[in-house]
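Taking it in order: structure first as structure tokens, then the write-up.
Residue numbers (this note's numbering): 61 to 144.
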């Protein structure tokens, strides 16, 4: 079984953010990057594609668990930047 989002929703696998700097300072959650790889898109998604690495809004994500992994489901417009 595979996850298939509907309409303009996407599924993202989060990239774990660094919690410490190289010098050992702890980075608070408030300024950590919210980024991940898009692993599935709905049929009406226009601006992103599977495999894109994206930055997204912290408050837009909805966490789901599937096959013992955690994914994020969000609307396509919650992605505000693609990373090369």
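Glycine is no exception: its CB is placed at the ideal position from the N, C-alpha and C atoms.
Apart from the 5 residues on each side of it in sequence, residue 100 sits with its Cβ closer than 8 angstroms to the Cβ of 62, 63, 64, 65, 70, 71 and 110 in its chain, given in chain order. Closest by C-alpha distance to residue 136, out of 105, 95, 129 and 119, is 105.
Residue 69 is bridged by DSSP to 135.
At least 8 angstroms separates the beta-carbon of residue 113 from that of residue 85. If the five residues before and after residue 68 are omitted, its C-beta is found closer than 7 angstroms to the C-beta atoms of 102, 104, 105, 135 and 136, all from its own chain and listed in chain order. DSSP places residue 115 inside the beta strand (DSSP E), whose first and last residues are 113-116.
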